[in-house]
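Just so you know, my numbering puts the end of the sequence shown at 413, numbered straight through with nothing missing. Data first, discussion second: the structure below is written as structure tokens.
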Amino acid sequence: MSVLVLIPPKKALKGLVKLPSSKSLSNRALIIRALCNKHFPIYNLSEAGDTRILAKALKDFSLEKEINLKDAGTAMRFMTAFVSIHPGEFILKGSSRMHERPVGPLVEALHKLGTKIEYLEKPGYPPLKVKGSKLTGGKITIDAGISSQFISSLLMVAPQMKDGLRLILSGTQQVSKPYIEMTLDLMKFFGIKSNWIADEIRVFPGTYQAREITIEPDWTAASYFYAMLLLSHDGRLYFPGLKKNSLQGDCIAAKWFQNLGVVTSWVDQGAWAAKAGSPPDYCSLDFTDNPDLAQTMLVAFAGAGIKAMVTGLQTLPLKETDRIKALQSELKKAGFEFAKAEGNSWILNPERTEAAFPIVFDTWNDHRMAMSFAPLSIAFGKIKINNPEVVEKSYPGFWAAMQHIGFNLRKLE
């Protein structure tokens, strides 16, 4: 395992940031193309590890009946529904961590639709044996408080069901709603009709129409550079291709950071973000709709000295790692306290206790841990990050992008 030493620029942050393509849009476009009766080009497809794994699985599924999805959580959820509507028997497996990530609600929903799925190890978790078949569809209920990916996976295959799908969302709170909206918007782009009224989503039977598509740059990836601007004394960065009216829910990052003193200016071919003021002393945020921004914002709050009260973290323990536990551990190394408050709230106390320098942060085999903590090099002057290669999962060019805007990076083997 290697270690990366990060030293921030001595001057203001300036330059162009080449963002990766949206992994979320790329993965959905790949599934839709595989369901389409005609091949179409997908331009600017993500090069993230998760997308490569899904692309290979879709390419090989007609030949390989045992599909290893490694640590790609989205691929596991999407492929479970995908193979369910294709006649044949398939085994879906992954890494040891993947076998700890629940798929029970999705499997239960597919059972109700007529798919036969067997748990090969622990009930409720991969690996799975799926016996696919043509599905009639109809009306089913699913808990919307666990993972939007369960819902998106069902929605994308629904047009190929004889009667379409009427999906009733149960539970007291829907998580990651923008990701469901993204799925429906993309399906509409490819010719599928649907509606979402109250707690019911209806997808009508139909055929995906072949249309070329260009994938947007990834807004979650942009958030790490917004955090760098927040922690810097001065800076201005350009993001080519970044869209204001994006299909991605995480575009809300621009609004959140504007409230912290980082302002976005839109141009025809992208966006400029610049440090334009001092952050507040206190902030509160709800991450229910945008859980992938939680690490970015919490670490940025800590580095900027912002006390924060946050909610909507209920899905974080189910991600690549237990992200709440990981955040608590690594923030503690820097002298920050992140603790449970009343109800579903968590509080971040930015008043630091003593910490050993330079701090060595562990990534917990989680790409977002690495990228979220990288901006702290500005606050501390120098940090080290173990296992920096984890960024390959979503943003292979992340460290190169940091170097391009002036950071000094040195790898220790």
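C-beta atoms are modelled at their ideal positions from N, C-alpha and C, and glycine is treated no differently.
- In this structure, the straight-line span from the alpha carbon of I32 to that of S278 is close to 44 Å.
- With a 10 Å radius around the Cβ and a threshold of 16 neighbouring Cβ atoms, Y395 comes out buried.
- Judged by DSSP secondary structure, P240 falls within the beta strand (DSSP E) whose first and last residues are 235-240.
- Within the region 164-233, the complete alpha helix (DSSP H) runs of at least 4 residues fall at 177-189, 219-231.
- Annotation: T321 is outside any beta strand (DSSP E) and is labelled neither H nor E by DSSP.
- Less than 9 Å divides the Cβ of A302 from the Cβ of A334.
- According to DSSP, residue pairing for V267 in a beta bridge involves G270.
- Ranking V267, I91, F407, I213 by CA distance to the CA of S232 puts F407 first.
- For D143, the three-state secondary structure derived from DSSP is strand.
- Taking a cut-off of 8 Å on C-beta distances, the region 49-69 does not touch the region 279-297, as fewer than three cross pairs fall below it.
- Proximity to E342 across T311, E200, P102, G94 peaks at T311, based on C-alpha coordinates.
- If you draw a straight line from the Cα of L167 to the Cα of I201, it comes to about 5 Å.
- Looking at T214, P388, A253, G270, the one whose alpha-carbon comes closest to that of L229 is A253.
- Note that the C-beta distance between N387 and M98 is not below 9 Å.
- In the DSSP annotation of this structure, the continuous segment of the beta strand (DSSP E) that includes K116 starts and ends at 116-119.
- With a cutoff of 9 Å on beta-carbon distance, A57 and L69 are scored as near each other.
- For I347, no alpha helix (DSSP H) segment is defined; the enclosing uninterrupted segment is the beta strand (DSSP E) at 346-349.
- DSSP, read as helix, strand or coil, puts F90 in strand.
- Along the region 289-319, the alpha helix (DSSP H) occurs as fully enclosed runs of 4 or more residues at 294-304, listed in sequence order.
- Secondary structure of L106 (DSSP, three-state): helix.
- Fewer than three pairs of CB atoms, one per stretch, sit closer than 8 Å, so the region 13-23 makes no contact with the region 352-367.
- In this structure S152 touches Y179 by the C-beta definition: roughly 6 Å separates them, less than 8 Å.
- Going by DSSP, A339 is part of the beta strand (DSSP E) stretching over 337-340.
- Going by C-alpha positions, S95 is about 34 Å away from F357.
- Exclusion of the five residues before and after A144 leaves L169, G171, Q174 as the residues of its chain whose Cβ lies within less than 6 Å of its Cβ.
- By the C-beta density criterion, N27 is buried, having at least 16 other C-beta atoms within 10 angstroms.
- Counting along the chain, the unbroken alpha helix (DSSP H) around N27 starts and ends at 23-35.
- For L409, the enclosing beta strand (DSSP E) begins and ends at 408-412.
- If you look at F361, you'll find it in the beta strand (DSSP E) that goes 359-361.
- Nearest to T220 by C-alpha distance, out of K23, L6, L4, D71, is K23.
- Non-local beta-carbon contacts of K139 in its own chain, meaning distances under 6 Å to residues more than five positions away in sequence, involve R166 in chain order.
- The distance from the Cβ of F40 to that of R211 is about 6 Å, consistent with a contact at the 8 Å cut-off.
- The three-state reading of DSSP puts D71 in coil, since its state is none of H, G, I, E or B.
- Per DSSP, L19 is not a residue of any beta strand (DSSP E), being assigned neither H nor E.
- L376 sits in a helix when the DSSP states are folded into three classes.
- Ranked by Cα distance from D199, the options T141, V263, L260, G191 are led by T141.
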